[in-house]
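Q: In my numbering, each residue's number is its place in the sequence shown (first place is 1) plus 11. Take this structure, written in structure tokens, and hold onto it; I'll ask about it next.
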Amino acid sequence: MANQNDSFIDEVTDDLRRDRLFKAMRRFGWIPIVLILAVVGGAIWRENAASRAEAEARAWGDAVLAAQDAPDRVAAFSGIDAQGSAGRAMLGQMLAAGAQADAGQGAEASKRLLDAAATVSDDPILHDMAVLKAVMVAGPSMDAAERDRLLSDLSKPGAPFELLALEQKAVALIGAGRTEDAIMLIRQIQQKSGLSEPLRRRLAEMMITLGAPATQAEGPGPQTMQVAPAE
């Protein structure tokens with residue numbers, strides 16, 4: 012009799028467990044289904060987004076290659092569809108400015124680059140790249156005070172193109188006939204860390220051209236002096 016009672020109790024217990032499990036499944040069973048659908052849906056969305064981004068990048072690259080051979084490269088580069096990307100739009104303007112510079116239109120190219128830089132002020136790398144290029148393509152034709160203002164901003168410690176901007180400051184000093192100031196600035200640049208080999212060579216060549224002995228960088232040196240615009 013005891014065995015029969017135990018068996019009966021076990022059966023009732025199993026039935027209760029199954030009933031509770033069934034109720035729990037009816038109440039909460041949708042949660043794992045939703046989670047699975049969310050994971051699968053997210054994966055599909057990411058895959059589609061990646062495919063779309065890849066297609067847009069490929070189309071933009073093809074348009075850039077086609078513009079290289081266009082009769083009017085400036086117009087061709089300017090007209091490339093950026094697919095809603097501010098970065099691609101800015102790069103298109105940089106390419107158009109490069110075509111203008113190649114055609115001897117340095118002032119126009121510089122203005123285009125400065126206008127393009129204003130559209131990506133939230134991206135310090137693209138912004139500073141465009142401004143630095145604007146200074147370089149304008150050369151001596153840029154107002155000296157404006158050039159010094161731009162280069163002072165670009166050469167602040169920690170700026171993306173600090174060292175290249177300092178190099179352009181030295182170039183401007185040489186162009187203004189301020190040889191001693193240029194030599195002093197070049198020596199300061201040479202003592203900074205992070206110099207690339209091409210920049211190191213250019214600085215050494217500038218020192219030789221100016222008649223000063225080339226020095227090797229040995230680590231961080233004094234802070235860059237403030238260069239006033241040439242009179």
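Where a beta carbon is used, it is the ideal one built from N, C-alpha and C, also for glycine.
Just to confirm, are Ala176 and Leu196 a CB contact at a threshold of 7 Å?
A: As a position in the sequence shown, residue 176 is number 165, starting the count at 1. As a position in the sequence shown, residue 196 is number 185, starting the count at 1. Taking 7 Å as the Cβ cut-off, Ala176 and Leu196 do not qualify as a contacting pair.
Q: Going by DSSP in three states, Asp154 sits in which element: helix, strand or coil?
A: Your numbering for residue 154 matches position 143 in the sequence shown. In the structure shown, Asp154 sits in coil (DSSP, three-state: anything other than H, G, I, E or B).
Q: So, helix, strand or coil for Gln111, using DSSP?
A: Within the sequence shown, numbered from 1, the residue matching residue 111 stands at position 100. In this structure, Gln111 counts as helix in the three-state DSSP scheme.
Q: Considering only the beta carbon of each residue, do Val142 and Gln179 sit closer than 7 Å?
A: Counted from its first residue, the sequence shown places residue 142 at position 131. Counted from its first residue, the sequence shown places residue 179 at position 168. Against a cut-off of 7 Å, the Cβ pair of Gln179 and Val142 comes out as no contact.
Q: Under 7 Å Cβ to Cβ from Pro151, same chain only, skipping five residues before and after it: list those, please.
A: Along the sequence shown, one-based indexing puts residue 151 at 140. Within the same chain, Pro151 has close Cβ partners Gly186.
Q: Thinking Ala93 and Gly103 are a contact (beta carbons under 8 Å), I'd like their distance in whole angstroms, please.
A: In the sequence shown, counting from the first residue as 1, residue 93 sits at position 82. In the sequence shown, counting from the first residue as 1, residue 103 sits at position 92. Yes, they are in contact, since the Cβ atoms of Ala93 and Gly103 sit about 6 Å apart, within 8 Å.
Q: Which class does Gln79 belong to by DSSP, given the choice of helix, strand or coil?
A: By 1-based counting over the sequence shown, the position of residue 79 is 68. Of the three classes helix, strand and coil, the one that applies to Gln79 here is helix, per DSSP.
Q: Relative to the C-alpha of Ser96, which residue among Asp80, Leu76, Ser166 and Ala70 is closest?
A: Here the question's residue 96 lines up with position 85 in the sequence shown. For Ser96, the nearest C-alpha among the options comes from Ala70.
Q: Output the distance between the C-alpha atoms of Glu216 and Pro224, rounded to the nearest integer angstrom.
A: The residue labelled residue 216 in the question sits at position 205 within the sequence shown. The residue labelled residue 224 in the question sits at position 213 within the sequence shown. Going by the C-alpha atoms only, they are around 10 Å apart.
Q: Are the beta-carbon atoms belonging to Ile136 and Pro171 less than 7 Å from one another?
A: For the purposes of this step, residue 136 is taken as the residue at position 125 of the sequence shown. For the purposes of this step, residue 171 is taken as the residue at position 160 of the sequence shown. A contact, by the Cβ cut-off of 7 Å.
Q: For the candidate residues Leu174, Leu184 and Gly188, whose alpha-carbon lies nearest to that of Glu209?
A: By one-based count along the sequence shown, residue 209 stands at place 198. Residue identity differs from the one stated: residue 209 is Pro in this sequence, not Glu. Cα-wise, what sits closest to Pro209 is Leu174.
Q: Please report how far the alpha carbon of Arg123 lies from the alpha carbon of Asp80, in whole angstroms.
A: For the purposes of this step, residue 123 is taken as residue 112 along the sequence shown, with counting starting at 1. For the purposes of this step, residue 80 is taken as residue 69 along the sequence shown, with counting starting at 1. Rounded to whole angstroms, Arg123 to Asp80 spans 21 Å at the Cα level.
Q: Go through its chain and collect everything with a Cβ distance to Phe88's Cβ below 7 Å, but skip five positions before and after it.
A: Residue mapping note: residue 88 aligns to position 77 of the sequence shown, counting from 1. Around Phe88: Ala78, Gly103, Leu106, Ala107 and Ala110.
Q: Go through its chain and collect everything with a Cβ distance to Leu125's Cβ below 8 Å, but skip five positions before and after it.
A: Working through the sequence shown from its first residue, we reach residue 125 at position 114. So the list reads Ala141, Val142 and Ala145, once near-sequence residues are dropped.
Q: Could you tell me which of Ala193, Ser166, Leu206 and Gln202 sits nearest to Ile219, measuring between CA atoms?
A: Within the sequence shown, numbered from 1, the residue matching residue 219 stands at position 208. Nearest C-alpha to Ile219: Ala193.
Q: Measuring straight from C-alpha to C-alpha, what distance separates Ala112 and Asp154?
A: Position 101 of the sequence shown, counted from the first residue, corresponds to residue 112. Position 143 of the sequence shown, counted from the first residue, corresponds to residue 154. Cα to Cα, the separation comes out at about 18 Å.
Q: Going by CA-CA distance only, name the one from Glu157, Asp134, Gln201 and Ala66 that's closest to Gly183.
A: Looking up residue 183 in the sequence shown gives position 172. According to the sequence provided, residue 183 is Ala. The question's Gly does not apply to it. Of Glu157, Asp134, Gln201 and Ala66, the residue nearest in Cα terms is Glu157.
Q: If you draw a straight line from the alpha carbon of Arg84 to that of Arg211, how long is it in whole angstroms?
A: Position 73 of the sequence shown, counting from 1, holds the residue named residue 84. Position 200 of the sequence shown, counting from 1, holds the residue named residue 211. The alpha-carbon atoms of Arg84 and Arg211 are separated by roughly 34 Å.
Q: State the DSSP-derived secondary structure class of Pro209, mapped to helix, strand or coil.
A: Reading the sequence shown from its first residue, position 198 is the one you call residue 209. Reduced to three states, the DSSP call for Pro209 is helix.
Q: Taking only three categories from DSSP, how would you classify Leu137?
A: Reading the sequence shown from its first residue, position 126 is the one you call residue 137. Three-state DSSP puts Leu137 in a helix.
Q: Taking the alpha carbon of Gln199 as the reference point, which residue from Val75, Arg63 and Leu214 has its own alpha carbon closest?
A: Within the sequence shown, residue 199 is the residue found at index 188, counting from 1. Of the listed residues, the one whose Cα sits closest to Gln199 is Leu214.
Q: When you compare only the Cα positions, how much space is there between Ala100 and Ala68?
A: Residue numbering aside, residue 100 sits at position 89 when the sequence shown is read from its first letter. Residue numbering aside, residue 68 sits at position 57 when the sequence shown is read from its first letter. If you take the alpha carbons of Ala100 and Ala68, they lie about 12 Å apart.
Q: Nearest to Gln116 by alpha carbon, out of Gly222, Val148, Ala181 and Asp133?
A: Your numbering for residue 116 matches position 105 in the sequence shown. Per the Cα distances, Val148.
Q: I need the straight-line Cα distance from Glu65 to Ser166, nearest angstrom please.
A: Counting from 1 along the sequence shown, the entry for residue 65 is found at position 54. Counting from 1 along the sequence shown, the entry for residue 166 is found at position 155. Their Cα atoms are separated by approximately 35 Å.
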